[in-house]
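Participant: One structure follows; several queries about it will come next.
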Amino acid sequence: MSAATSESVNFSELMESSPSFGQDEIRRMLGAAIGAGAVEFRRAVEQAAVSGNPTIKVRAGIGQYFLGQHQRAIDALAGCEEGIGRF
1463 MSAATSESVN
1473 FSELMESSPS
1483 FGQDEIRRML
1493 GAAIGAGAVE
1503 FRRAVEQAAV
1513 SGNPTIKVRA
1523 GIGQYFLGQH
1533 QRAIDALAGC
1543 EEGIGRF
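Residue numbering for the sequence shown follows my numbering, starting at 1463 and increasing by one per position.
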């Protein structure tokens, strides 16, 4: 099992207050979406999705994509200015 799936992750903190959001955070999110913390991850994504903060909405959109909520992800990422969200 990789480190991405075995470590404990504070998803709310990752979604809302992590100053950087890049490859490492994406790996942690993906591992969480399919791992033991999937329920907690889903809750954090749902909370972040209702945020008015564009940065947090991008993170929520990526989380929604990993959860298989593709239309919600498209809606959340529409008009995104951040490179990671446009990818």
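Idealized CB from N, CA, C, for every residue including glycine. Given the structure is predicted, the values throughout are model-derived calculations rather than measurements.
What's the call for ILE1524, buried or exposed, on a 16-neighbour Cβ count within 10 Å?
Facilitator: Working through the sequence shown from its first residue, we reach residue 1524 at position 62. The residue in question, ILE1524, is buried, as its Cβ has 16 or more Cβ neighbours within 10 Å.
Participant: For THR1467, does the three-state DSSP call read helix, strand or coil?
Facilitator: Residue 1467 sits at position 5 when you count from the first residue of the sequence shown. A caution first: THR1467 carries a pLDDT of 41, below 50, which makes its placement in the model too unreliable to give a value.
Participant: Would you report the Cα separation of VAL1520 and CYS1542, rounded to the nearest angstrom?
Facilitator: Position 58 of the sequence shown, counted from the start, is the residue given in the question as residue 1520. Position 80 of the sequence shown, counted from the start, is the residue given in the question as residue 1542. Roughly 7 angstroms between the two C-alpha positions.
Participant: In or out: GLN1533 buried (at least 16 other Cβ within 10 Å) or exposed?
Facilitator: Taking the first residue of the sequence shown as 1, we reach residue 1533 at position 71. GLN1533 is exposed by the Cβ-count criterion.
Participant: By how many angstroms is the C-alpha of PHE1503 removed from the C-alpha of ILE1491?
Facilitator: Here residue 1491 refers to the residue found at position 29 of the sequence shown. Here residue 1503 refers to the residue found at position 41 of the sequence shown. Strictly speaking, residue 1491 in this sequence is Met, with Ile absent from that position. The straight-line gap from Cα to Cα measures roughly 8 angstroms.
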